[in-house]
Amino acid sequence: MDNNDQEINKKRKNNNQYFDQRMLSEEDEDDMLVLSLSPYRPSRPRRSPTTVDPPPPPPPLLMPSLFMQTLTAQNPPPHPLQLSPSHPLYMTTQQPPSLIPSSMPLVYSQEPGRGPSTSRPIRTRRNPTHVPREGKSETVPAPFPWATTRRATVHTLEYLLSRGIRTITGDVQCKRCEKSFVVEYDLKVKFAVVGSFVAGNKDTLRDRAPLSWSTPDLPNCTHCQEQSSGKPIIAEKKKAINWLFLLLGQMLGCCTLEQLKYFCKHTKNHRTGAKDRVLFLTYLELCKQLVPNGPFDRSNSKG
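With full-length UniProt numbering applied, the sequence shown has no gaps in its numbers, which climb one by one up to 303 at the end.
Given below as structure tokens:
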């Protein structure tokens, strides 16, 4: 009987323990269910942002560029400026130009006390040389007795008269009948007319030839008697042009601009500008060649 009671008590005790454990388990499951259905959820702690240290600056170059060497040699700063690694110009001063990104603006140093230069760069002016081109000599055989061996140059009036040269001749061609003939000019008489006009009007002409020089009166034809039809025959070779004949007949205007520029080139006169300007200088220079000490200085002829 005692054994049966002990057994019954033992079974009861085990059943009570099992029941208690089951109740506790069900309560835990209910608590978890309530927590899962609850709208409130505990917030997760945020991660603190990790700070990344900036990369160390690259070491300075052992061989600076030639441009920087020149700047430092010319203008050494009294107190060198020390930049911190966070300064925007720090990378510019440490990296060579070839390693600087294209998006980074380049900063160039400038001498103190000097602002940006606004003046134009010095332009080398082309020097118009008056010497002949390579292979050509300044001296040529004299094409006429009144011409010298220098290009575009005639003898002085005194020299010609002392040598008995008093008549200057030249060839002309009629524009109507196309026949050629020779025209003669008295040197002393004709130059008195031309020289007096140039000396008396050079200041008022203002370096411009008058209309009578640009469209000259031509000699009459000795064949068909056509008035003002004898056009001077001007040599194709410029070194053979009969300059004195054209001066005395006031027919230098029949020359082309290129021929007049040739004359001014070899007589060291200004040869740019319109034809009337170059024509005026040709008249003035030939008068001065005939009478070097005469009133044919160009210094007062500018207006």
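Ideal Cβ positions, reconstructed from N, Cα and C, are used throughout, including at glycine.
For clarity, every value in this text was computed on a predicted model and none was experimentally measured.
The UniProt domain "DUF7086" (157-290) is shown to contain whole beta strand (DSSP E) runs of 3 or more residues at 167-174, 180-186 and 230-232, in chain order. The beta carbon of residue 239 sits closer than 6 Å to those of 140 and 151, all from its chain and outside the five residues before and after it, given in chain order. Rounded to the nearest whole angstrom, the C-alpha separation of residue 153 and residue 223 is 33 Å.
Beta-bridge annotation (DSSP): residue 150 is paired with 139.
Per the C-alpha coordinates, the member of 173, 217, 298 and 192 positioned closest to residue 250 is 217. Proximity to residue 296 across 186, 136 and 199 peaks at 199, based on C-alpha coordinates. DSSP places residue 5 within a helical segment (H, G or I) once states are collapsed to three. Taken atom to atom, the span from the alpha-carbon of residue 211 to that of residue 274 is near 14 Å. By the CB criterion at 8 Å, residue 208 and residue 271 fall outside the cutoff. Exclusion of the five residues before and after residue 262 leaves 238 as the residues of its chain whose Cβ lies within less than 6 Å of its Cβ. Distance from the CA of residue 157 to the CA of residue 143, rounded to the nearest whole angstrom, comes to 17 Å. Here the C-alpha atom of residue 252 lies approximately 23 Å from the C-alpha atom of residue 159. Residues of the same chain with a CB within less than 6 Å of the CB of residue 288, apart from the 5 flanking positions on each side, are 296 in chain order. Taking each of 202, 291, 167 and 155 in turn and checking the Cα distance to residue 189, the smallest one comes out for 167. For residue 286 against residue 257, the beta-carbon gap comes to about 17 Å, at or over 8 Å, which does not count as contact. Taking residue 10 as the centre and dropping the five residues before and after it, the same chain places no C-beta closer than 7 Å to its C-beta. Ranked by how close their Cα comes to the Cα of residue 172, the residues 235, 5 and 214 have 235 in first place. The beta carbon of residue 183 sits closer than 6 Å to the beta carbons of 170, 172 and 219 from its chain, once the five residues preceding and following it are set aside; these are given in chain order. Shortest Cα-Cα distance from residue 178 to any of 221, 279, 148 and 292 involves 221. Contact annotation: residue 195 and residue 291 have beta-carbon atoms nearer than 8 Å. By a beta-carbon distance limit of 8 Å, residue 281 contacts residue 269. Their separation comes to about 5 Å.
Residues of the same chain with a CB within less than 6 Å of the CB of residue 254, apart from the 5 flanking positions on each side, are 232 in chain order.
Contact between residue 229 and residue 176 holds: CB atoms are separated by about 5 Å, below the 8 Å threshold.
Using a Cβ distance threshold of 8 Å, residue 264 and residue 226 do not count as a contacting pair. Between the C-alpha atoms of residue 155 and residue 202 there is a straight-line separation of about 22 Å. Short of 8 Å from the beta carbon of residue 259, and not among the five residues preceding or following it, lie these beta carbons of its own chain, in chain order: 234, 238 and 241.
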